[in-house]
Amino acid sequence: VPQSAPGATASSLSAGDADTALTPKGGQSGEGASGAPSRDDDPARLVVIVVHLQEGADREATLASINEAVAGIFPGASVTVEREYRNVFQGYALRAPAGSLDAIRAVSGVKLAAIEGEMRVQ
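Take my numbering: the final residue in the sequence shown is number 737, and no numbers are missing along the way.
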């Protein structure tokens, strides 16, 4: 975590330019210098997907259905359980291809599914 210089006041610290606040360093956004899509656009890229199950859903049957749905889109791919959630909500954190998110959401017993750490501002 960056620390302020001793004696620096908030008004003396640079806050940045509001027009470029959401632009990555180097000014590139989602594409490499060659204009080709970045690795983040690869649907086969493995990500952690948090899955919130519907109340009363059979955990094992839903997980098996998720595996089938993912394999249907990405033959040979399988889902790996990273974490199980049982207290605050029922569900899993699964390592799966990013492009399988919609298929996971469509599985019976899945209430919500989202890529871990992903947040979109609209």
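Where a beta carbon is used, it is the ideal one built from N, C-alpha and C, also for glycine.
Exposure of residue i, with buried meaning 16 or more beta-carbon neighbours within 10 Å
i: Q824; result: Since the first and last residues shown for the chain are 616 and 737, residue 824 lies out of range.
i: G706; result: buried
i: P658; result: exposed
i: S723; result: exposed
i: A676; result: exposed
i: V666; result: buried
i: L727; result: exposed
Sheet register partners of residue i (DSSP bridge)
i: I664; result: L709, I730
i: V725; result: L668
Whether residue i touches residue j by CB criterion (8 Å)
i: V725; j: L709; result: no
i: A718; j: I688; result: yes
8 Å contact criterion, which residue i and residue j should meet: CB distance rounded
i: E731; j: I664; result: 7 Å
i: A684; j: A721; result: 7 Å
i: A692; j: A686; result: 6 Å
In chain order, each alpha helix (DSSP H) run of at least 4 residues that lies wholly inside the stretch 671-700: Given a length threshold of 4 residues, each whole run of the alpha helix (DSSP H) inside the stretch 671-700 is given here in chain order: 674-688.
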